[in-house]
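Here the structure comes first, spelled out in structure tokens, and everything after it is commentary.
Chains as they are written, first to last, in this note's numbering: chain A, 2 to 156; chain B, 51 to 454.
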């Protein structure tokens, strides 16, 4: 199945749920998704009989100044293509449902996004910091982060 | 005498390990061997343990020699490279990429440079593409030599000999790279649209000498360990990664291919001139330590094949885009892009978001070791502690890439 056919198929099956679907040459589909629908969409993307996005590649937390974004990059073995899901997360309430139940690999990637950008993944089994120390204060990849000596007490 | 030393508070990872022991005892799963009660112990393996090949710390729950639970703790080498990207131009950032995964740093540069090129729509000169493939594959061999050498050194005294032979031959590659780039490990060699220097006089011949010499060396290594009874007993059937693990946890590289999964980005998401080259994707079936070792050995042969073809096909022309000067300041249009590349350890990629300025507004690494390490609790639990060392050696971790 070529990338145009997959995009058409996704548009049909996820009408209204995947927004701004576009093709990034040569083999990636980029789409937006509402954060309330994420868990359900993820589960259905994985279970899809024709495309089947089974392997989570990475998750990135991004600070867009006005809002946050969680980006999910998932691989489909059946079609040898990728999907990039962009989920907008408001700054006032940076929470998004975890996808560890759908893709086990999400565990550490979500911890990293929490550590670096401070997006809280609700329902995550063990949401600790991963790269920074346990007692670090703040989330350094936020654009408004100011690095103070008090923020890392044990260095 | 030691009064002035304070006993440190257990950190979150140790607390978690202790909590899990309590939970399993409450469930009645306490250790009971032949009616004898054994207490479980929590041991910190690392961050300064030689077998973890870097500053990896494993909080291991042991029942005698049996590993019950593993909690990897990372971040000891964290240098906030993703934050550093916010205040550096795309060009200034190239040497920093080198320092993530330092055993195959040229492949990391490649992933970064390809992402920026795709984002900014820069075409690479054809000669530069071939030089990139040559250097990339040479570093793949060098990286596999370190991987296999240190891993066999973990296993047995036999490996101590192996590691010296392998480092000796890796030195030849590093010499070639030094002649080409001026550096032995931190190359800072790729530029947007090309490479920094063209091949020096006589380099191609010296590279061919290496290609002629090296297959014999691979046979020597294999003669040393392939039929060794101790090596086989310790590696075969131990530390099996199943195909389901590969799919669930996003395992890539030789670790995935050893489980019989045919995934190689050089084939599945072809970049550079790989579509024109003739090479095989090496796979094995069992997914145990031995198969991972075999995959790396055979991949070195394939890399030799690729380098040889590239030297034969090497076209004339500029190795750098346009004039002698590289495009120092580039401002890609707003947008985002991810490009993955087949690093010796798996899929290494960078995701870059541009806001149209001279600096990337967000840069994220996808590191293969980070993803492979996530499997450790599942992979090591239930093994003997000595096997756990062997397994973690066979996964081939580079902490610089994991911690970024």
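Positions of the beta carbon are idealized from the N, C-alpha and C atoms, including for glycine. Keep in mind that this is a model prediction, so the values were computed, not measured.
Straight-line Cα distance separating residue 147/B from residue 389/B: Taking the straight line from one Cα to the other gives about 14 Å.
Residue 482/B versus residue 137/A - alpha carbon distance: It is not possible to answer for residue 482/B, since the shown part of chain B is limited to 51 through 454.
With residue 238/B and residue 144/B assumed to form a contact (beta carbons below 8 Å), what rounded beta-carbon distance in angstroms separates them? That pair is a contact at about 6 Å.
Contact list for the stretch 40 to 68 of chain A against chain B, Cβ threshold 7 Å: Listed in chain order, the positions of the stretch 40 to 68 of chain A with a beta carbon within less than 7 Å of a beta carbon of chain B are 55, 56, 57, 58, 59, 61 and 63.
Checking contacts by CB at 8 Å: is residue 345/B closer than that to chain A? Closer than 8 Å: no.
Collapsed DSSP secondary structure at residue 92/A in the structure displayed: Correct three-state label for residue 92/A: coil.
With a CB to CB cut of under 7 Å and the five nearest residues on each side skipped, what residues in its chain are close to residue 392/B? These residues qualify, in order along the chain: 314, 315 and 316.
Does the separation of the CB atoms of residue 174/B and residue 360/B fall below 8 Å? At the C-beta level, residue 174/B and residue 360/B stay beyond 8 Å of one another.
So the candidates are 92/B, 153/B, 253/B and 387/B; which of them puts its Cα closest to the Cα of residue 115/B? Ranking 92/B, 153/B, 253/B and 387/B by Cα distance to residue 115/B puts 92/B first.
Could you spell out where the alpha helix (DSSP H) holding residue 78/A opens and where it closes? Taken as a continuous stretch (DSSP letters only), residue 78/A belongs to no alpha helix (DSSP H), as it is neither H nor E.
Is there a C-beta anywhere in chain B that falls below 8 Å from the one on residue 145/A? Not a single C-beta of chain B is nearer than 8 Å to the C-beta of residue 145/A.
Where does the unbroken alpha helix (DSSP H) through residue 263/B begin, and where does it stop? Unbroken alpha helix (DSSP H) run through residue 263/B: 253 to 275.
Between which two residues does the beta strand (DSSP E) holding residue 123/A run? Run containing residue 123/A: 121 to 123, per the beta strand (DSSP E) assignment.
What is the residue span of the beta strand (DSSP E) that residue 57/A lies within? That run of the beta strand (DSSP E) goes 54 to 64.
On the three-state DSSP scale, how would you describe residue 439/B? Here residue 439/B sits in helix by DSSP.
Between residue 401/B and chain A, is there a C-beta pair that is closer than 8 Å? At a cut-off of 8 Å between C-beta atoms, residue 401/B counts as an interface residue with respect to chain A.
Keeping to the same chain, check which residues put their C-beta closer than 7 Å to that of residue 444/B; ignore five residues upstream and five downstream. Excluding sequence neighbours, residue 444/B sits near 201, 289, 339, 342 and 343.
For residue 24/A, would you say it is in contact with chain B, using Cβ-to-Cβ distances shorter than 8 Å as the test? Nearest CB-CB separation between residue 24/A and chain B: not below the 8 Å threshold.
Using a beta-carbon distance below 8 Å, is residue 124/B in contact with chain A? With 8 Å as the cut-off, residue 124/B counts as an interface residue toward chain A.
What is the rounded straight-line gap between the Cα of residue 211/B and the Cα of residue 112/A? If you take the alpha carbons of residue 211/B and residue 112/A, they lie about 41 Å apart.
According to DSSP, is residue 110/A helix, strand or coil? In this structure, DSSP gives residue 110/A a helical state, which the three-state scheme calls helix.
Taking 8 Å as the threshold (C-beta atoms), are residue 298/B and residue 106/A in contact? Yes, these two residues count as a Cβ contact at 8 Å.
According to DSSP, simplified to helix, strand and coil, what is residue 455/B? Residue 455/B lies beyond the range of chain B shown here (51 to 454); nothing can be said about it.
Taking the Cβ atom as the reference point for each residue, do residue 421/B and residue 302/B lie within a distance shorter than 8 Å? In this structure, residue 421/B lies near residue 302/B, with their beta-carbon atoms less than 8 Å apart.
Taking buried to mean at least 16 other C-beta atoms within 10 Å of its own C-beta, is residue 252/B buried or exposed? Exposed is the call here.
Taking the straight line between their C-alpha atoms, what separation do you get for residue 106/B and residue 98/B? Approximately 8 Å between the Cα atoms of the pair.
Under 7 Å, CB to CB, which of the residues in the stretch 301 to 312 of chain B have a partner in chain A? Taking 7 Å as the Cβ-Cβ cut-off against chain A, none of the residues of the stretch 301 to 312 of chain B qualify.
Give the straight-line distance between the Cα atoms of residue 153/A and residue 363/B, rounded to the nearest whole angstrom. Going by the C-alpha atoms only, they are around 54 Å apart.
Do you know whose CA, among 195/B, 311/B, 450/B and 439/B, lies nearest residue 271/B's CA? Nearest of 195/B, 311/B, 450/B and 439/B to residue 271/B, Cα basis: 195/B.
With 8 Å as the threshold, decide whether the Cβ of residue 106/A is near any Cβ in chain B. It does: the Cβ of residue 106/A has a partner Cβ on chain B nearer than 8 Å.
For residue 69/A, which residues of its own chain have a beta-carbon under 7 Å away from its beta-carbon, when the five flanking residues on both sides are left out? Cβ neighbours of residue 69/A beyond the five flanking positions: 62, 63, 90, 92, 95, 118 and 120.
Which first and last residues belong to the beta strand (DSSP E) in which residue 401/B is found? That run of the beta strand (DSSP E) goes 396 to 404.
Report the three-state DSSP secondary structure of residue 374/B (helix, strand or coil). Here residue 374/B scores only 49 on pLDDT, less than 50, and its place in the model should not be relied on; the value that follows carries that caveat. Here residue 374/B sits in coil by DSSP.
CA nearest to the CA of residue 122/A, picked from 131/A, 101/A and 133/A: Nearest neighbour of residue 122/A by Cα position, chosen from 131/A, 101/A and 133/A, turns out to be 101/A.
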